[in-house]
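Each remark here refers to the structure printed beneath this line.
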Amino acid sequence: MTSISRADVAHLGRLARLELTESELDHYSEQLDVILQSVARISEVAADDIPPMSHPIPMVNVFRDDVVKPSLTREEALAAAPATEDDRFRVPRILDEE
Amino acid sequence: MTTTSHGDVYIPFEEAMSRYEPIIGIETHVELGTNSKMWCGCSTDFGSDANTQVCPVCLGLPGSMPVVNRVAVESTIRIGLALNCNIAQWCRFARKNYFYPDMPKDYQISQYDEPLCYDGYLDVTVDTPDGPQVFRVEIERVHMEEDTGKLTHTGGATGRIHGAEYSLVDYNRAGIPLIEIVTKTVIGTGSLAPEVAKAYVKELRDVMRALGVSDVRMEEGSMRCDVNLSLNKPGDGWGTRSETKNVNSLRSVERAVRSEIERQASVLDNGGRVIQETRHFHEDTGRSTSGRSKEQAEDYRYFPEPDLVPVAPSLDWVEELRAGLPEMPSVKRARLKEEWNINDFELASLANSGALDLVEATIAIGVDSVAARKWWTGELLRVANEQGVELEALRVAPQDIQQVEALITSGALNDKLARQVFEGILASEGTVEEIIATRGLAVVSDDGALLAAIDEALAAAPDVAEKILSGKIQAAGAVVGAVMKATKGQADAAKVRALLLERLGVSE
Ligand SMILES: [Zn+2]
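Line by line, the protein sequences are chains S and H. In this text, residue positions in the first sequence follow this note's numbering: the first is 1, and each later residue adds one. In this text, residue positions in the second sequence follow this note's numbering: the first is 99, and each later residue adds one.
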């Protein structure tokens, strides 16, 4: 039976940059466990002859031609940015990456 | 033994190779030369003003949906076929989740366990003292993804005194089709590892050029390499590998491998442990510095991209693309070596100087193969080296050489004048005819004028005439030289010599 631990939730929280309180960890562990158990029930039905599905519609090869279309103006592009400088998006520097 | 300011210690390469065997792996990213981006219609032009080639899709704005660029898929399949890969009959894109502002969506669309192309190889040739040696570099996968935005870090380190450290982002590059080509581990290269790595990247670059799928300019970042390397003692299991990023020139590929061998050997010699980490290569020092530790495996939580449907190239499509592949560089080299009757050394020097295609194009329009090689690898290569540019960047075209050679054959130009014509072309003075006219370049073929010059030269050096008459025909060189000087090189030296001997009534 699939289950999710408190430690798993804490790890996912870190990856998602979410600061979770102790009570939130308990709360989400419980909720996610319910979801996982529901999915596990579906897995029980899925036999080897049923391939996993990632798209609801059986469709492949949706392509566009390699044609340039107008972009946004720079003003439009930067309009929703919390901060800009020198025609660029200004973001906090992430220190543990190069 | 040397120590850098970062505390890394290196031992000499030969010493390292006497105790350890290297295992390398190379990941290469190639930006495709499509007109538009991977998922949207924004232009891929290089060097445009910041954030002028962006739209809701490549900015990751809510509600926008990506649609795959057909040419990017086609180019990837062609690359896969050129690298002898299998082409997947069905594959999906995947989301690689991470938080870093170079991707505004907070994920990069890539491929994970279903690459479009897999299990191929590329044979590369390395020159050794014993002659050329061929190594087969196996390709694990070729997959599609998107390039990231460009960050400029600012703040403390750059000397700004006010404000916290921050970064500025230009998303013009975000979403440009990017192909990642991953080799399997390359073993058994021994001390040739640096050369094999360089030869592989160079061959890969040539293949991309032949396919016309990318401009593969390493200095502009449209082709970039990461080098994985580990060392082990002969007979021992594989060691821990490091990944050196930022290796952005052919020369750097070689240096990065060499440097990392020297560094890891020193760590192991001292009983240390090689750390699994990302290192950053520095062009100026030829050394790398430690970056992020990868001791904890990254957790990108890949999952199938829900916004894109699978790619399932039909067999017909793949075969059509296979049939349209150009001649591969290695095949071309072998053919030209045969056709031009040249040896391995001459072939390598033509290939390394970038003259191969130019010489071929020149011969294709009727120029003699020896003459074509002579101009491109002689005078023109000298000028290119002097200017620090690639041969193909010179203004001279194969047609210019054809014209000049025709004029040499007809006797209207000699080699010396031809060099002046090329000098004129390189200085943008006009066409071959225009330069000959404005510079007054023409062989003096009028016998009368030549005879007058010969008489003058003889009169100026009566002793030389005596010597020739007494049988010392080699003395004629001095008179011929004087005549050539008098005619500013615009005479045919052989003809001057013949006329001189005839004038003196001497025969060879
Ligand atoms: Zn866009």
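Ideal Cβ placement from N, Cα and C applies to all residues, glycine included. All values reported here derive from a predicted model rather than from experimental measurement.
Quick one: residues in its chain with C-beta nearer than 7 Å to the C-beta of residue i, no 5 flanking neighbours on either side, listed in chain order?
{"i": "H/GLY218", "result": "GLY178, LEU181, ASN182, CYS183 and ILE237"}
{"i": "H/TYR518", "result": "In the sequence on display, residue 518 of chain H carries Gln and not Tyr. So the qualifying residues of the chain are ARG537 and LEU539."}
{"i": "H/ALA114", "result": "ILE359, GLU360 and ALA363"}
{"i": "H/VAL355", "result": "ILE122, ALA291, PRO292, ALA295, VAL325 and LEU327"}
{"i": "S/MET53", "result": "none"}
{"i": "H/LEU489", "result": "SER451, GLY452, ALA453, LEU456, TRP474, LEU478, LEU479 and ALA482"}
{"i": "H/PHE144", "result": "GLU318"}
{"i": "H/ALA589", "result": "VAL541, VAL542, LEU548, VAL581 and MET582"}
{"i": "H/ALA446", "result": "ASP225"}
{"i": "H/GLU212", "result": "ALA186, CYS189 and ARG190"}
Got a sec? Which residues, its chain only, sit under 6 Å from residue i by beta carbon, not counting five neighbours each side?
{"i": "H/GLU503", "result": "VAL465 and ALA469"}
{"i": "S/GLU97", "result": "The predicted model places S/GLU97 with a pLDDT of 46, which falls under 50 and marks its position as unreliable, so this point remains unresolved."}
{"i": "S/LEU78", "result": "THR84"}
{"i": "H/ILE285", "result": "ILE121"}
{"i": "S/ARG88", "result": "none"}
{"i": "H/SER141", "result": "GLN151"}
{"i": "H/HIS622", "result": "What is shown of chain H runs 99 to 606, which leaves residue 622 of chain H out entirely."}
{"i": "H/ASP200", "result": "THR246, GLY247 and LEU249"}
{"i": "H/THR555", "result": "Sequence check: residue 555 of chain H is Ala here, not Thr. Here the set comprises VAL577, ALA580 and VAL581."}
Below 8 Å CB to CB, which residues in the same chain sit around residue i once its five sequence neighbours on both sides are set aside?
{"i": "H/SER347", "result": "MET316, GLU317 and GLU381"}
{"i": "H/GLU552", "result": "Looking at the sequence provided, one finds Ile at residue 552 of chain H rather than Glu. So the qualifying residues of the chain are VAL577, VAL581, VAL594, LEU597, LEU598 and ARG601."}
{"i": "H/THR338", "result": "SER328, ARG371, VAL372, ILE373 and GLN374"}
{"i": "H/ILE259", "result": "Its pLDDT being 39, under 50, H/ILE259 is placed unreliably in this model, and the coordinates cannot settle the point."}
{"i": "H/ALA591", "result": "ASN512, VAL578 and MET582"}
Comparing C-alpha positions only, which one of the options sits nearest to residue i?
{"i": "H/ARG377", "options": "H/SER340, H/ALA291, H/VAL481 and H/GLN209", "result": "H/SER340"}
{"i": "H/VAL314", "options": "H/ASP324, H/ARG303, H/CYS323 and H/ALA308", "result": "H/ARG303"}
{"i": "H/ARG190", "options": "H/ILE207, H/PRO199 and H/ASP200", "result": "H/ILE207"}
{"i": "H/PHE401", "options": "H/LYS194, H/GLU358 and H/ARG176", "result": "H/LYS194"}
{"i": "S/ALA40", "options": "S/PHE89, S/ARG90 and S/SER3", "result": "S/SER3"}
{"i": "H/SER289", "options": "H/THR226, H/ALA462 and H/SER134", "result": "H/THR226"}
{"i": "S/PRO56", "options": "H/ASP211, H/TYR108, H/PRO230 and H/ASP405", "result": "H/ASP405"}
{"i": "H/LEU419", "options": "H/LEU309, H/THR342, H/GLY476 and H/GLY319", "result": "H/LEU309"}
{"i": "H/PHE233", "options": "H/LYS570, H/HIS241 and H/THR223", "result": "H/THR223"}
{"i": "H/MET321", "options": "H/GLU125, H/VAL165, H/LEU266 and H/ALA446", "result": "H/GLU125"}
{"i": "H/GLN231", "options": "H/ALA297, H/ILE109, H/LEU266 and H/LYS282", "result": "H/ALA297"}
{"i": "H/SER386", "options": "H/ALA432, H/ASP455, H/VAL457 and H/ASN344", "result": "H/ASN344"}
{"i": "H/SER162", "options": "H/ASP544, H/TRP137, H/LEU479 and H/ALA558", "result": "H/TRP137"}
{"i": "H/LEU249", "options": "H/ALA432, H/VAL166 and H/ASN149", "result": "H/ASN149"}
{"i": "H/PRO424", "options": "H/VAL305, H/PRO275 and H/TYR196", "result": "H/VAL305"}
{"i": "H/VAL169", "options": "H/GLY131, H/GLN187, H/ALA192 and H/PRO110", "result": "H/GLY131"}
{"i": "H/GLU458", "options": "H/GLU112, H/TYR198, H/ARG433 and H/ASP204", "result": "H/ARG433"}
{"i": "H/GLY384", "options": "H/GLY569, H/SER357 and H/GLU521", "result": "H/SER357"}
{"i": "H/ASP544", "options": "H/PRO164, H/GLU437 and H/THR585", "result": "H/THR585"}
{"i": "H/GLY476", "options": "H/GLU444, H/GLU119, H/LEU505 and H/GLY333", "result": "H/GLU444"}
{"i": "H/ARG239", "options": "H/VAL280, H/VAL604 and H/ILE461", "result": "H/VAL280"}
{"i": "H/THR342", "options": "H/PRO408, H/ARG353, H/MET426 and H/SER146", "result": "H/ARG353"}
{"i": "H/GLU436", "options": "H/PHE111, H/SER467 and H/TRP415", "result": "H/SER467"}
{"i": "H/GLU417", "options": "H/PRO154, H/ARG176 and H/VAL487", "result": "H/ARG176"}
{"i": "H/ILE109", "options": "H/SER265, H/VAL365 and H/ASP414", "result": "H/VAL365"}
{"i": "H/ASP268", "options": "H/ASP204, H/GLY158, H/ASP147 and H/ASP221", "result": "H/ASP147"}
{"i": "S/ARG64", "options": "H/THR529, H/VAL409 and H/GLN497", "result": "H/VAL409"}
{"i": "H/LEU220", "options": "H/GLU112, H/VAL429 and H/SER412", "result": "H/VAL429"}
{"i": "H/GLY273", "options": "H/PHE197, H/TRP438, H/GLU129 and H/ILE461", "result": "H/GLU129"}
{"i": "H/SER173", "options": "H/CYS215, H/LEU266, H/ILE534 and H/ILE533", "result": "H/CYS215"}
{"i": "H/ASN441", "options": "H/GLY229, H/ILE463 and H/TYR205", "result": "H/GLY229"}
Report the partner residues of residue i according to the DSSP bridge assignment.
{"i": "S/PRO92", "result": "H/TYR264"}
{"i": "S/THR84", "result": "S/PHE89"}
{"i": "H/THR226", "result": "H/GLY229"}
{"i": "H/THR252", "result": "H/TYR264"}
{"i": "H/LYS343", "result": "H/HIS378"}
{"i": "H/CYS215", "result": "H/ILE185 and H/VAL240"}
{"i": "H/ALA589", "result": "H/VAL542"}
{"i": "S/PHE63", "result": "H/VAL166"}
{"i": "H/ASN368", "result": "Answer is none; H/ASN368 lacks a bridge partner."}
{"i": "H/ILE149", "result": "The displayed chain sequence assigns Asn, not Ile, to residue 149 of chain H. The partner list for H/ASN149 (beta bridge, DSSP) is empty, contrary to what the question assumes."}
{"i": "H/GLY123", "result": "H/ASN326"}
{"i": "H/LEU276", "result": "H/GLU129 and H/GLU243"}
Query raised in the report: Which residues have a Cβ closer than 5 Å to any heavy atom of ligand 1, listed in chain order?
Result: Cβ-based neighbours of ligand 1 within the cut-off: H/CYS138, H/CYS140, H/CYS153, H/VAL155 and H/CYS156.
Query - Any beta strand (DSSP E) of 3 or more consecutive residues that is wholly inside the stretch 457 to 540 of chain H - result: Taking 3 residues as the shortest admissible run, the stretch 457 to 540 of chain H contains no complete beta strand (DSSP E) segment at all.
Query - Ordered list of alpha helix (DSSP H) runs contained in the stretch 377 to 459 of chain H, each at least 4 residues - result: Uninterrupted alpha helix (DSSP H) stretches at least 4 residues long and entirely within the stretch 377 to 459 of chain H occur at 413 to 421, 427 to 438 and 442 to 450, given in chain order.
Requested in this report: Ignoring anything shorter than 3 residues or poking outside the stretch 160 to 199 of chain H, list the beta strand (DSSP E) runs there in chain order.
Outcome: Entirely contained in the stretch 160 to 199 of chain H, the beta strand (DSSP E) runs reaching 3 residues are, in chain order, 192 to 195.
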